[in-house]
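Written out below as structure tokens is the structure these notes cover.
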Amino acid sequence: MLTIMEVYQRLCRGYCLDNWWPAQSPFEVVVGAFLTQNTNWNNVEKALANLKGAKALDLPLLADMPLAQLEQLIRPSGFFRQKAQRLQHFCRYVQDHHAGSFDSLLTGDLNDIRSELLALAGIGPETADSILLYAGGRPSFVIDSYTRRFWGRLGLLTGTEKYDDIRTLFMAKVEKDVPLYQHYHALIVTHCKECCRKTPLCSTCLFTDICDYAAQVA
DNA sequence: GTCCAGGGCCTAC
DNA sequence: GTAGGCCATGGA
4 MLTIMEVYQR LCRGYCLDNW WPAQSPFEVV VGAFLTQNTN WNNVEKALAN LKGAKALDLP
64 LLADMPLAQL EQLIRPSGFF RQKAQRLQHF CRYVQDHHAG SFDSLLTGDL NDIRSELLAL
124 AGIGPETADS ILLYAGGRPS FVIDSYTRRF WGRLGLLTGT EKYDDIRTLF MAKVEKDVPL
184 YQHYHALIVT HCKECCRKTP LCSTCLFTDI CDYAAQVA
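Numbering (the numbering used here), first residue to last: 4 to 221.
What follows is the structure, given as structure tokens:
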């Protein structure tokens with residue numbers, strides 16, 4: 004079995020990533036983190052384009068926008084009613100509790116910020132960690148469905164671990180380095196999109212020698 | 001027509 | 001505490 008870092012090194016040899024989470028500002032990352040929940044990124048891009056086209060990708064503007072208007076702008080991302088409500092609630096929270104300052108929200112003790120984010124409607128552990136890692140530049144690894152499936156198939160997980168168990172496992176074994184955390188997570192998602200869901204398995208898969216899934220479909 | 005995607009919340013048991 | 005249902009669009 005490979006270690007977590009050996010898996011990373013193998014992924015590095017297979018993919019060259021550039022600007023994996025495309026965003027022109029930390030706030031755009033946050034909006035994307037809400038919109039991407041259980042949604043294909045292509046649909047998120049449509050919603051983000053709508054917001055940019057309306058010149059509405061701005062925290063105070065979203066905070067004050069009529070909810071129905073926000074719903075229509077983000078409609079392509081799916082679950083648009085609840086996402087609009089939660090996104091607007093987040094913007095109003097930052098205005099009311101951090102004077103509209105994103106830096107203020109994301110500065111301080113990592114665990115305290117994470118708890119604060121998790122207490123907000125529509126922010127679960129994955130969204131909180133995405134905001135921390137990609138918008139805040141804080142070392143908080145993101146465990147998504149890809150990560151679970153991928154590490155599970157490589158024998159690094161038993162399948163019974165909860166979100167925080169996996170995150171703690173990772174962060175205990177990998178030095179807290181933001182670019183490394185971002186790159187590793189992006190590599191997992193890229194790899195899984197590339198071949199983890201293909202049946203039969205992609206012939207160029209980097210892990211055919213050790214992957215459970217590869218053994219199943221072989 | 002069916003499946004799935006860069007989740008989270010609520011309810012019932 | 002946890003399994004199941006719900007939220008919704010768009011591409012493959």
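Positions of the beta carbon are idealized from the N, C-alpha and C atoms, including for glycine.
Applying the criterion that 16 or more other CB atoms from any shown protein chain within 10 Å of the CB defines a buried residue, is residue i buried or exposed?
| i | result |
| --- | --- |
| Ser143 | buried |
| Cys19 | exposed |
| Gln12 | exposed |
| Glu9 | exposed |
| Thr6 | exposed |
| Lys176 | exposed |
| Gln27 | exposed |
| Pro203 | Summary for Pro203: the model assigns pLDDT 49, below 50, so the residue's position carries little reliability, and this model does not support an answer. |
| Cys214 | buried |
| Glu224 | The shown model of the chain, from 4 to 221, leaves out residue 224, and the question about it has no answer. |
Relative to the C-alpha of residue i, which residue among the options is closest?
| i | options | result |
| --- | --- | --- |
| Asp180 | Ser28, Thr193, Gly139, Gln88 | Gly139 |
| Phe153 | Ala189, Asp167, Gly127, Gly35 | Ala189 |
| Asp21 | Thr211, Met68, Arg170, Tyr187 | Tyr187 |
| Ser148 | Ser118, Leu108, Ala175, Lys196 | Lys196 |
| Val33 | Pro69, Cys198, Leu62, Gln88 | Leu62 |
| Ser80 | Gly125, Thr39, Arg117, Phe210 | Thr39 |
| Ala228 | Gln98, Gly155, Phe93, Arg151 | Look at the range of the chain in this structure, 4 to 221, and you will see that residue 228 is not part of it. |
| Ala66 | Thr163, Leu135, Ala102 | Ala102 |
| Met4 | Ile126, Leu159, Ile169 | Leu159 |
Check whether the Cβ atoms of residue i and residue j lie closer than 7 Å to each other.
| i | j | result |
| --- | --- | --- |
| Trp23 | Tyr137 | no |
| Pro128 | Tyr184 | no |
| Phe30 | Leu90 | no |
Taking the continuous alpha helix (DSSP H) assigned at residue i, which residues delimit it?
| i | result |
| --- | --- |
| Leu56 | The question names Leu, but residue 56 in the sequence shown is Gly. That run of the alpha helix (DSSP H) goes 44-56. |
| Gly17 | 7-17 |
| Lys196 | Looking at the DSSP string, Lys196 is not in any alpha helix (DSSP H), and its letter there is neither H nor E. |
| Cys94 | 83-101 |
| Ala36 | 29-38 |
| Met174 | 166-176 |
| Gly127 | Taken as a continuous stretch (DSSP letters only), Gly127 belongs to no alpha helix (DSSP H), as it is neither H nor E. |
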